[in-house]
Every structure is written in structure tokens, then in C-alpha cells.
Amino acid sequence: MLTLAADIEVLARFGRALADPIRCRILLALREAPAHPADLADTLEISRTRLSNHLACLRDCGLVVAVPVGRRTRYELADERLGHALDDLRTAVVAVEADKTCPDADEKGCC
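So the mapping is simple: this note's numbering equals the position in the sequence shown, first residue as 1, plus 30.
Here it is in C-alpha cells:
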């Protein structure tokens, strides 16, 4: 059984990964299917160097894994449940955005 500290660490890692739009795009792309870095860079229209840095962060967060395939490396989500979690988060964010329940949203730009 995970402890509260471990639960918080997992959520913090997930939050750190989602804090950057490029990492979000990578996760969403990998949600669709595993991919090689060169293909991901082309699909996302970013440099391979930039992609490599973001993949390293996602690996460190434990959200993606590198799978050797011959002389190449393919990336995929570390756990298929992450795809479901991403879908759930996207739905929740859309609901919050449409609702705008925060009374200070316009002043603080928080929601």
C-alpha cells in the first residue's frame, strides 16, 4: 500500500510533466500509439534536441519508457492507465473551463 507521501510524490511528478505544453503534446501523442523520437519530433514540429530534453523529463517522472527496438528506441506510456488518466484530466479541465466557478477568475486569471 502506498503511503500518503508516496501518493503526493506521484501526483507531483504527474503535475510537473503536465506543466509544459510540449510535454502534454508528447503524452497525448503517445496515448495514441508508441513512437520513435524522430517521428515524434516531425509530428510535433519541434527539434529533436528539444524533444529529447522533454522525453528525459517524462522518463524521470516515470510517465514514459524507452523500449529498444533493434538499433532504435521507441517511446511509450509507462502504463496504459496513463492514457485513461489523461482523458479524464482533459474532460475535467474542459468542465472547469466551461463552468468558471472561481469568482476571482477574471481578476486573477486563475481558471
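Ideal Cβ positions, reconstructed from N, Cα and C, are used throughout, including at glycine.
Please list the terminal residues of the continuous beta strand (DSSP E) segment that includes residue i.
| i | result |
| --- | --- |
| Glu75 | From DSSP, Glu75 is part of no beta strand (DSSP E); its letter is neither H nor E. |
For the alpha helix (DSSP H) that residue i lies in, which residues bound it at each end?
| i | result |
| --- | --- |
| Pro51 | Pro51 to Glu62 |
| Gly45 | Leu34 to Leu48 |
Can you give the Cα-Cα distance for residue i and residue j, rounded to whole angstroms?
| i | j | result |
| --- | --- | --- |
| Ala63 | Arg104 | 10 Å |
| Ala65 | Leu34 | 34 Å |
| Leu119 | Ala108 | 17 Å |
| Glu110 | Leu70 | 19 Å |
| Asp117 | Ser82 | 24 Å |
| Thr121 | Asp72 | 27 Å |
| Arg46 | Ala115 | 15 Å |
Looking at residue i: is its Cβ nearer than 8 Å to the Cβ of residue j?
| i | j | result |
| --- | --- | --- |
| Gly113 | Arg61 | yes |
| Pro143 | Leu85 | The displayed coordinates of the chain run from 31 to 141. Any statement about residue 143 would go beyond what the structure contains. |
| Ile52 | Ile76 | yes |
| Ala96 | Leu74 | no |
Which one or two residues does DSSP pair with residue i in a beta bridge?
| i | result |
| --- | --- |
| Pro98 | Thr103 |
Quick one: does residue i have its CB under 8 Å from some CB of chain C?
| i | result |
| --- | --- |
| Leu57 | Within the model displayed, chain C is absent; a lone protein chain is all it includes. |
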